[in-house]
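Asker: Below are the structure tokens for one structure; questions will follow.
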Amino acid sequence: MGLESAVQHHWVQSKGDLINFCISVLENAGSLGIPFVQESFKNYADVKHLSRLDQLLHACSANHVACRASTKQGKAMLETASRVFMDQNISKLLSSLSHCHHAVVFGAICGCLGIAEEIMLATYMSGLARTVMASAVRLDKVGPIEAQKIVASLQKVIPEIIHRLKIRTTQEACITYPVLDILQNCHDRLFCKLFNS
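For the sequence shown, numbering that gives the first Met the number 0 assigns the number 0 to the initial residue and increments by one for each residue that follows.
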């Protein structure tokens with residue numbers, strides 16, 4: 000998500016900065032990720048289509064740090080889901096997706112499990128907000144209770160982001176806050192870091 004880099008580059012210095020950063024992360028993740036989550040959700044049984052989506056998302060990922068984090072998280076999620084749910088469609092994905100990007104894997108797994116689309120999208124976005132705030136707690140930018148309050152307050156913003164961005168296709172997927180991309184891209188160059196994105 001780039002929070003550690005944003006903190007070290009003095010982009011996030013206050014609680015207000017942190018909230019704005021999180022909203023920007025949600026906007027970026029929504030504008031790039033929601034189209035892929037939705038399309039993989041709708042085509043969860045079509046392994047060839049999911050493989051093409053995974054390759055397209057990989058090609059769209061100019062940020063090597065975000066790309067690495069997405070594939071690590073997606074692979075871990077897919078391996079866990081294949082062991083827990085024993086679903087044939089999920090198991091097929093293990094050998095079919097060359098990159099296992101998180102957005103593609105998340106949508107496909109939710110589709111396999113029959114989760115309602117609106118719940119799936121809200122869960123995807125809420126998970127991102129929770130991840131940013133968990134990082135903020137570990138970086139000692141906010142306490143755990145304050146982080147939960149911020150995540151709760153973001154639940155008012157998330158539906159609007161979803162509503163606005165769910166009409167995008169994967170061909171229209173893009174990031175909307177390039178500064179965040181640049182900050183996240185700087186993560187590997189930090190002298191001292193807590194996270195290995």
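Ideal Cβ positions, reconstructed from N, Cα and C, are used throughout, including at glycine.
#1: Between the Cα of GLY106 and those of SER4, GLY1, ALA44, spot the shortest distance and give me the residue it belongs to.
#2: Pick helix, strand or coil for THR168, following the three-state DSSP scheme.
#3: Give the secondary structure of THR130 by DSSP, where H, G and I count as helix, E and B as strand, and everything else as coil.
#4: In three-state terms, what does DSSP make of LYS192?
#5: Closer than 8 angstroms by C-beta to SER50: which residues in its own chain qualify, once you throw out the five before and the five after it? Chain order, please.
#6: Drop a sphere of 10 angstroms on the beta-carbon of THR169, count the other beta-carbons inside from all chains shown, and report buried for 16 or more, exposed for fewer.
#7: Are the CB atoms of SER69 and SER81 nearer to each other than 8 angstroms?
#8: Let me check understanding here. Comparing Cα to Cα, which of PRO143, ALA61, LEU120 lies closest to SER39?
#9: Compare the C-alpha of LEU153 against each of ALA172, ALA128, ASN62, GLY110 and name the closest.
#10: Which residues mark the beginning and the end of the alpha helix (DSSP H) in which VAL103 is found?
#11: Would you mind working out which of ALA135, LYS71, VAL136 sits nearest HIS100, comparing C-alpha positions?
#12: Work out the CA separation of LEU25 and ASP180 for me, nearest whole Å.
#13: Which whole-angstrom value is the C-beta distance of LEU56 and VAL104, which I expect to be below 8 angstroms?
#14: For LEU2, which of helix, strand or coil comes out of DSSP?
#15: What's the C-alpha gap between SER23 and ALA58?
#16: Please report the residue range of the alpha helix (DSSP H) in which ILE174 lies.
#17: Around the Cβ of ALA159, are there at least 16 other Cβ atoms within 10 angstroms (buried) or fewer (exposed)?
Answerer: Quick answer:
#1: For GLY106, the closest of SER4, GLY1, ALA44 by C-alpha to C-alpha distance is ALA44.
#2: Looking at THR168 - three-state DSSP - the assignment turns out to be coil, as it is neither helix nor strand.
#3: In the three-state reduction of the DSSP assignment, THR130 falls in the helix class, which pools H, G and I.
#4: For LYS192, the predicted structure reports a pLDDT of 47, less than 50, and the residue's modelled location is therefore unreliable. A value from the coordinates is still provided. DSSP, read as helix, strand or coil, puts LYS192 in coil.
#5: Same-chain partners within the cutoff: SER95, LEU96, SER97.
#6: Classification for THR169: buried.
#7: At least 8 angstroms separates the beta-carbon of SER69 from that of SER81.
#8: Considering only alpha carbons, the answer is LEU120.
#9: Checked all of ALA172, ALA128, ASN62, GLY110; the closest Cα to LEU153 is ALA128.
#10: Unbroken alpha helix (DSSP H) run through VAL103: 101-112.
#11: Answer by Cα proximity: LYS71.
#12: Rounded to the nearest whole angstrom, the C-alpha separation of ASP180 and LEU25 is 13 angstroms.
#13: In this structure, LEU56 and VAL104 do not form a Cβ contact; the two beta carbons are roughly 10 angstroms apart against a cut-off of 8 angstroms.
#14: Here LEU2 carries a helix assignment [DSSP, helix/strand/coil].
#15: When rounded, the distance between both Cα atoms is 22 angstroms.
#16: Element bounds for ILE174: n/a, residue is neither H nor E.
#17: The sequence given here places Glu at residue 159; Ala does not occur at that position. Note on GLU159: under 16 other CB atoms within 10 angstroms of its CB, so exposed under the neighbour-count rule.
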